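A short write-up of the structure that comes next.
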Amino acid sequence: MDLRRQQRFTVHSHSVLSGQNRVEWVGTIVNLSKGGCRVETDSQVYSGMHVSLRLDVPNEVSPILIERAAVRWNRGREVGVGFITVAPPHQERLDQLLNRLKQDLQG
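Residue numbers (this note's numbering): 27 to 133.
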């Protein structure tokens, strides 16, 4: 039984997580919801870290920016990231992307 509050969508999007001191880790977002995502990365990212996140959106020039997020868990190459702060214009773009993914899923 899946107890998640928000629907997750399978994606394959390039991302960059940024930590303190401008350290950056490259990854691939493999699923996405309004409240977070799962990222595959070869970098050392640890549970409890606070990061910002850039999500590249196919066919769009600029990425969606998540100003503040927290690494909730890590297992091997995968990390779960929860979104904390998303500026309104980026939240709107994230919502639009999720709506497109939902429509694609429904056919």
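Glycine included, each C-beta is placed from N, C-alpha and C at the ideal position.
Nothing here was measured: the structure is a model prediction, and the numbers come from that model.
Taking the CA atoms as reference points, Val-107 sits about 10 Å from Ile-55. Here Trp-51 is not near Leu-58, since their CB atoms are 8 Å or more apart. Out of Ser-73, Asp-82, Gln-70 and Arg-48, the CA that lies nearest to the CA of Ser-39 is found in Asp-82. Look at Arg-48 here: in three-state DSSP terms it is helix. About 26 Å separates the CB atoms of Leu-91 and Arg-101; that is not less than 8 Å, and the two are not in contact.
Judged by DSSP secondary structure, Asn-85 falls outside any beta strand (DSSP E); it is assigned neither H nor E.
Uninterrupted alpha helix (DSSP H) stretches at least 4 residues long and entirely within the segment 61 to 109 do not occur. Between Gly-74 and Val-65, the gap from beta carbon to beta carbon reaches 8 Å or more.
Going by DSSP, Gln-132 is part of the alpha helix (DSSP H) stretching over 114 to 132. In this structure, Arg-98 keeps its C-beta atom at 8 Å or more from the C-beta atom of Ser-78.
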